[in-house]
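Just below is one structure, and these are the notes that go with it.
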Amino acid sequence: MKKTARIVWMVMLAAILAMAGTACGKQPQATLNVYNWGDYIDESVLGDFEEATGIRVNYETFTTNEDMYIKIKSGGNSYDVAIPSDYMIERMIKEDLLNKIDLNHIPNIQYIEPSFRKLDYDPQEAYSVPYMWGTVGILYNKTMVKEPVTGWKILWDAKYKKQILMLDSQRDSIGVALKMLGYSLNTRDQSELEAAKQALIEQKPLVLAYVGDDVKDKMISGEAALAVVWSGDAVYMKRENPDLEYVIPEEGSNLWFDAMVVPKTSTHQKEAEMFINFMCDPETALKNTEYIGYSSPHMEAKKNLSAEVLNDQTAYPSEADVKRCEIFKDLGEYLKDYDRIWTEVMAN
């Protein structure tokens, strides 16, 4: 009897509080679903956004562009903001998986360097706002690798058996093999793709592991001698272990861009644009680039970075290094060939 009375009283109190909130003009705030790469934001930024706007953030992470794509394509989750890479944004635009972004609602886009806007993957700047950029290269331990590291072929050197870490990412690892062989990252030539497959199969006995974010702990602790890494991770690892060095191989590599988008699954377009604008705030952008170590396209954030960071060619490579790099393109129907190759490499 008392329990029933207590429940009735609690229900009445909840109703009164809800009415009071409405009377004061406070409407229930949305929950924003944000989907990002692992360890790719200063998470205090999420709390800053919640405090500034009253909008709750539900934050989830993915490990590859392909994982992100499959989840959004399936429509099982209503993500409001995602942060894919260039070629995947191009694909998602073609497949009508993204909402257009009203840049009138993103005034902080004024801080993005012009050279990072209207790139080929979104030439009209209708669907994306730049977040970070960088390269792919080789991180090596100078106490374990005494010879000069100049090209991708060192990852096929038997003297480093079980001391090599490759990325658990089909576009990146197949891309490494293609560049080692002198081919384009975006080749559709079947003979070139077959050669890359055979090279990866031949290399596999030398590989300690195919990794994602765990590459950081493994290289910092000296578990491996050589690893294929993204440049921002290299900045962090070099900071934690001075024996580590990063190089963009002479054959060239991948120059990539990650950007913020609003998937068609979004149910909170207005709040999504508020979040994207907040991420482009100078203070927020500085927090993020300092935390994750990746290169920022944000002019004001860069002004506040240390000279040591700005002069580190791991984060901000020379023009000559950049010119040797390629940007991944959407492969369209040829993606199935890359899927098949990666499956066959992993099965061997």
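Under mature numbering (1 follows the signal peptide of the UniProt record, and there is no 0), read the sequence shown as residues -20 to -1, 1 to 328, first letter to last.
Even for Gly, the Cβ is constructed at its ideal location relative to N, Cα and C.
What you are looking at is a predicted structure, and each value in this text was computed from that prediction instead of being measured.
Item                                                                                                                                                                       : Value
Just curious, the alpha helix (DSSP H) that Val325 is in, first and last residue?                                                                                          : Leu315 to Ala327
Skipping 5 residues on each side, what residues in its chain have a beta carbon closer than 6 Å to that of residue 355?                                                    : Nothing can be reported for residue 355, as the shown portion of the chain is limited to -20 through 328.
In angstroms, rounded to a whole number, what distance separates the CA positions of Ala327 and Ile181?                                                                    : 9 Å
Taking one C-beta from the segment 144 to 159 and one from the segment 30 to 46 each time, how about it: are there three or more such pairs within less than 8 Å?          : yes
Does chain B have any CB closer than 9 Å to the CB of Glu174?                                                                                                              : Here there is only one protein chain, and chain B is not present.
Excluding the 5 residues preceding and the 5 following Met217 in the sequence, name in chain order all residues of the same chain whose CB lies nearer than 7 Å to its CB. : Leu119, Lys196, Met199, Ile200 and Leu224
Only counting runs of 3 or more residues, tell me where the beta strand (DSSP E) segments fall wholly within the segment 195 to 223, in order along the chain.             : 206 to 210
Along the chain, where does the beta strand (DSSP E) that runs through residue 363 open and close?                                                                         : Residue 363 lies beyond the range of the chain shown here (-20 to 328); nothing can be said about it.
So, for Tyr190: in the same chain, excluding its five sequence neighbours on each side, which residues have a beta-carbon less than 6 Å away from its beta-carbon?         : Met146 and Asp148
What does the alpha-carbon distance come out to for the pair Arg36 and Pro262?                                                                                             : 22 Å
Taking Thr245 as the reference, which of Ala62, Trp17 and Thr41 has the closest Cα?                                                                                        : Ala62
Beta carbon of Gly212, beta carbon of Glu306: below 9 Å?                                                                                                                   : no
Please tell me whether Val109 and Leu83 are closer than 9 Å, where the distance is taken between their beta carbons.                                                       : yes
Note down, one range per segment and in chain order, each alpha helix (DSSP H) of at least 4 residues found wholly within the segment 112 to 191.                          : 150 to 160 and 170 to 183
So the alpha helix (DSSP H) Phe29 belongs to, where does it begin and stop?                                                                                                : Ser24 to Thr33
Do you know whose CA, among Asn268, Gln293, Ala287 and Asp317, lies nearest Trp17's CA?                                                                                    : Asn268
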